[in-house]
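Shown next, in structure tokens, is the structure this report addresses.
In our numbering, the protein residues as written are 49 to 324.
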């Protein structure tokens, strides 16, 4: 019953969200529908998502996904040749139950004056939303990093938050997640780069996150290495298949050597020449 109650609270939180438009809510609810609560994520196929949303164009769907990710409601974990995993992040608001509310309606007297509580700090609603969004992004990046098991951190410390805050001024959340993906993939490959950083080091070092971006040096070197390895693999397969013949139709080439005449000498002639 507790899990069912939590599920309804998450559902209501999506419906009641003022940050999402109707299309974003629709897509998020479809992902929510397929969440496996044992694994914690949903992995519906792209074909199924397009069918249920009625979206025909990939660009439209990608824009919705990017918006949900940027707003902190969704984490997408992608892998080459694998179906994407979707993690939903919603804040459940704990509101007082109506059962515990007093039945009588208490109103101040006509001349009564309502004074604010001394020391109470009133923050604008926009500021609260901004802080919630920032905290969501920090948590998402932190959890995504830990999911890669590069170096698993026990908690989201102030140092990690500061490092994330600093790098978010230069890169988007999506770019940071993609850079983490690239770093993780390189570590799992046979590429020369195998040093494991902490999340703070990865974000702060000059040769850290920036080198794993789309235009980064480590990313470029890794892609070149993959292409070279793939080329060498194809060459080896061609060698085995063609038994060392690399030129097309080269097996049909015939090499003919010129004919030569050899003179045979008798023993007497050899003796005259001084050859025994």
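Beta carbons: idealized from backbone N, C-alpha and C, even for Gly. Since we're looking at a predicted model, the values are computed, not measured.
Assign residue i to buried or exposed, taking buried as 16 or more other Cβ atoms, counted over all protein chains shown, within 10 Å of its Cβ.
{"i": "residue 321", "result": "exposed"}
{"i": "residue 85", "result": "exposed"}
{"i": "residue 88", "result": "exposed"}
{"i": "residue 268", "result": "exposed"}
{"i": "residue 97", "result": "buried"}
{"i": "residue 266", "result": "buried"}
{"i": "residue 236", "result": "exposed"}
{"i": "residue 188", "result": "buried"}
{"i": "residue 129", "result": "exposed"}
{"i": "residue 193", "result": "buried"}
{"i": "residue 238", "result": "exposed"}
{"i": "residue 68", "result": "buried"}
{"i": "residue 240", "result": "exposed"}
{"i": "residue 63", "result": "exposed"}
{"i": "residue 228", "result": "buried"}
{"i": "residue 72", "result": "buried"}
{"i": "residue 70", "result": "exposed"}
{"i": "residue 243", "result": "exposed"}
So residue i is in the beta strand (DSSP E); what residue range does that whole segment cover?
{"i": "residue 136", "result": "130 to 136"}
{"i": "residue 124", "result": "122 to 127"}
Quick one: measure Cβ to Cβ for residue i and residue j, integer angstroms, because I've assumed they're closer than 8 Å.
{"i": "residue 136", "j": "residue 121", "result": "7 Å"}
{"i": "residue 77", "j": "residue 116", "result": "Between residue 116 and residue 77 the Cβ distance is about 11 Å, and since that is not below 8 Å, they are no contact."}
{"i": "residue 247", "j": "residue 185", "result": "Contact flag wrong, Cβ pair sits at about 14 Å."}
{"i": "residue 91", "j": "residue 55", "result": "The pair is not a contact, with the Cβ atoms about 18 Å apart (cut-off 8 Å)."}
{"i": "residue 256", "j": "residue 245", "result": "7 Å"}
{"i": "residue 191", "j": "residue 138", "result": "Rounded, the Cβ-Cβ distance is 14 Å, inconsistent with contact."}
Starting from residue i, trace the alpha helix (DSSP H) in both directions and tell me its first and last residue.
{"i": "residue 72", "result": "70 to 81"}
{"i": "residue 94", "result": "94 to 101"}
{"i": "residue 246", "result": "Residue 246 -> no alpha helix (DSSP H), and no H or E assigned at all."}
{"i": "residue 27", "result": "Given a span of 49 to 324 for the chain in the structure shown, any question on residue 27 remains unanswerable."}
Original post:
Taking the runs of the alpha helix (DSSP H) that are 4 residues or longer, which of them lie wholly in the region 194 to 229?
Top reply: 206 to 216
Original post:
Quick one: any contact between the region 207 to 217 and the region 241 to 257, if contact means 3 or more CB pairs under 8 Å?
Top reply: yes
Original post:
At a cut of 8 Å, does the region 221 to 231 reach the region 256 to 264 through at least three beta carbon pairs?
Top reply: yes
**OP:** Count the C-beta pairs between the region 182 to 200 and the region 230 to 244 that are closer than 8 Å, then say yes if the count reaches three, no if not.
**Re:** yes
Original post:
Taking three-plus beta-carbon pairs below 8 Å as touching, is the region 115 to 129 in contact with the region 95 to 106?
Top reply: no
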